[in-house]
Amino acid sequence: MGTRLEKTREWFTPRRRFCVGVGLYAATLIVPAVSPGTSVGWLIGPAAVLLVGSFMPAPGSKE
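Numbering-wise (our numbering), the sequence shown opens with residue 602 and increments by one.
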């Protein structure tokens with residue numbers, strides 16, 4: 602695989618995935634409150650994937 606993808610995987614640690622997932626959930630709640638009529642419900646799916654994925658051990662790790 603490419604070096605760019607490997608660098609992204611190294612940078613995107615479980616803690617960062619958790620933070621991004623929580624941030625997306627927060628955006629899903631805050632944006633409609635600030636700007637009524639704006640729908641960001643589609644962010645719930647990616648937020649759930651990142652949040653749940655942050656609790657899974659990395660493949661190949663011996664935890």
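Note that the Cβ used here is the ideal one computed from N, Cα and C, for glycine as well.
All values derive from a computational prediction rather than experimental measurement.
Span separating the alpha-carbon of residue i from that of residue j
i      : j      : result
Gly603 : Trp612 : 15 Å
Ile631 : Arg605 : 33 Å
Ser655 : Ala648 : 11 Å
Thr609 : Val635 : 32 Å
Cys620 : Gly642 : 18 Å
Glu607 : Thr614 : 12 Å
Thr629 : Arg616 : 20 Å
Ser640 : Met657 : 30 Å
Run of the alpha helix (DSSP H) containing residue i, from where it starts to where it stops
i      : result
Thr614 : It is not in any alpha helix (DSSP H) - Thr614 carries neither H nor E in the DSSP assignment.
Val641 : Counting along the chain, Val641 falls outside any alpha helix (DSSP H), and DSSP gives it neither H nor E.
Contact under 7 Å by Cβ, residue i with residue j
i      : j      : result
Cys622 : Leu644 : The identity of residue 622 in the sequence shown is Gly, whereas the question assumes Cys. No. Outside cutoff.
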